[in-house]
Amino acid sequence: MSQRRRLPNSLRWRAVGWMEMGLSQADAARRLNVSRSVVQRLWDQYQSEDSVSRRPVPGRTRATTPAEDRFLALSAPRRRTTTVPQLVADHFQASGRRISATTVRNRLHNTGLYARRPVVCVPLNGRQRRNRLCWAREHVSWTQQQWASVLFTDESRFTMGSDSGRLLIFREQRTRYHQSNTVERHSCRGGGILVWAGISLGGHTDLHVFHGGTVTGLRYWDEILDPYVRPYAAAIGNDFILMDDNARPHRARIVEEYLEDHGLERMEWPARSPDLNPIEHLWDYLGREVAALNPPPRSLHELKQGLLCVWSSLPIPVSDNLINSMGNRCRQCIQVRVDTFLIRTHFCIVFMPFYHITL
1 MSQRRRLPNS
11 LRWRAVGWME
21 MGLSQADAAR
31 RLNVSRSVVQ
41 RLWDQYQSED
51 SVSRRPVPGR
61 TRATTPAEDR
71 FLALSAPRRR
81 TTTVPQLVAD
91 HFQASGRRIS
101 ATTVRNRLHN
111 TGLYARRPVV
121 CVPLNGRQRR
131 NRLCWAREHV
141 SWTQQQWASV
151 LFTDESRFTM
161 GSDSGRLLIF
171 REQRTRYHQS
181 NTVERHSCRG
191 GGILVWAGIS
201 LGGHTDLHVF
211 HGGTVTGLRY
221 WDEILDPYVR
231 PYAAAIGNDF
241 ILMDDNARPH
251 RARIVEEYLE
261 DHGLERMEWP
271 ARSPDLNPIE
281 HLWDYLGREV
291 AALNPPPRSL
301 HELKQGLLCV
311 WSSLPIPVSD
321 NLINSMGNRC
331 RQCIQVRVDT
341 FLIRTHFCIV
351 FMPFYHITL
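Here the UniProt record's numbering is used: the first residue of the sequence shown is 1, the next is one more, and so on.
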């Protein structure tokens, strides 16, 4: 007997035509290389329904009821960090029936729920939230001319190793432990490079690299304020405002005295608010551009040269667009009342052993 297969509609109608012309069911089955019972069912269907199209089949019975589907759809949003195995266990405890993890995923997908990496934010206490909200309300109506007098500054550390969890590879099934699909990583990471820079509308400072040691208030005054900030302030004019965060070296007494002695105004900055600083996004841009170098940096010296080279060729419109977004940042901060305003992490999604962490 031939292997069972589905006949297309063209052959089904051909068999009916043969039989209407007087061909026997056995001869029609022999021509189609199917059993006589198949042709007999086609003829019976044609006589009763005037059609030989394949009837729709209901398919396998669903493993869950509509009530159980609603249970899964409500359980996942109530606990956003729950896992599929936990939902399987919850369903078994509630209904006494076991279902597979695939079934749970399918039910969640049907309701528009998918597993995704959460956006990372820094924890904020009540006072920090209030300070952020007050700052946003104070600066939301600033004009472009007012923002043009601000120098946004920040530090960032770049290292040669990556543990961001966002490095992905393409591989075949059952090849997880092949040498080509593994990444060698020492338990003790290589050194890193700490850099500083500032941006304003229409320009930016040079990229400064800190060489060894801890950044103190004295080093901040000697390596940043005197050679970079003070000349930049003179170029902007009397309306110059320095924006730096609340890191301990920035708030040292020697720094406060230096700014006061030279008449440099500092912007009051809310604590734990890197999302409001436009230069934060430039670190991500800088890391991606360095990652795209060919060949990529393989040592700290090459990493340093790559950072300096990319920063020196930074397009001015890139930094200007970020500064021009300050009004929108303030409006978003006010809109959500800073309770749920999320702060992006700036890890590079690149296929190379390189990443950076913003301080």
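Here a beta-carbon is modelled for each residue, glycine too, at the ideal position from N, C-alpha and C. Computed from a predicted structure; not experimentally measured.
Membership of M19 in the alpha helix (DSSP H) is indicated by the continuous run N9 to E20. Beta-bridge partners assigned by DSSP to F92: none are found. Around the CB of P227, fewer than 16 other CB atoms lie within 10 Å, so the residue is classed as exposed. With contacts defined as CB atoms closer than 8 Å, L264 and A234 fail to qualify as a contacting pair.
In the displayed model, R157 falls within a strand according to three-state DSSP.
By the neighbour-count criterion, in which 16 or more other beta carbons inside 10 Å mark a residue as buried, G202 falls on the exposed side. Taking the Cα positions, A148 is about 31 Å away from A292. Note on A136: 16 or more other CB atoms within 10 angstroms of its CB, so buried under the neighbour-count rule. Unbroken alpha helix (DSSP H) runs of no fewer than 4 residues, entirely contained in the stretch 197-237, are found at 217-220 and 230-236, following chain order. Separation of I99 and T81 (C-alpha to C-alpha, rounded to the nearest whole angstrom) is 20 Å. Annotation for M326: no beta strand (DSSP E) segment contains it, though the alpha helix (DSSP H) segment containing it runs M326 to Q335. Taking the Cβ atoms as the reference, L7 lies roughly 7 Å from L32, within the contact range of under 8 Å.
Note on F240: 16 or more other CB atoms within 10 angstroms of its CB, so buried under the neighbour-count rule. Annotation: the continuous alpha helix (DSSP H) that includes I323 extends over I316 to I323. In the DSSP assignment, L151 is bridged to L242. Selection R107, T111, R78 and R12 evaluated against Y46 yields R12 as nearest (Cα-Cα).
Restricting attention to alpha helix (DSSP H) runs no shorter than 4 residues, the stretch 17-50 encloses them at 25-32 and 36-49, ordered along the chain. Nearest neighbour of L303 by Cα position, chosen from Q173, M160 and L276, turns out to be M160. Taking C-beta separations shorter than 8 Å and ignoring five residues to either side along the sequence, the partners of S53 in its chain run N9 and R12, following chain order. In this structure, the CA atom of W43 is about 13 Å from the CA atom of S35.
As the crow flies, the alpha-carbon of P77 is around 11 Å from that of A115.
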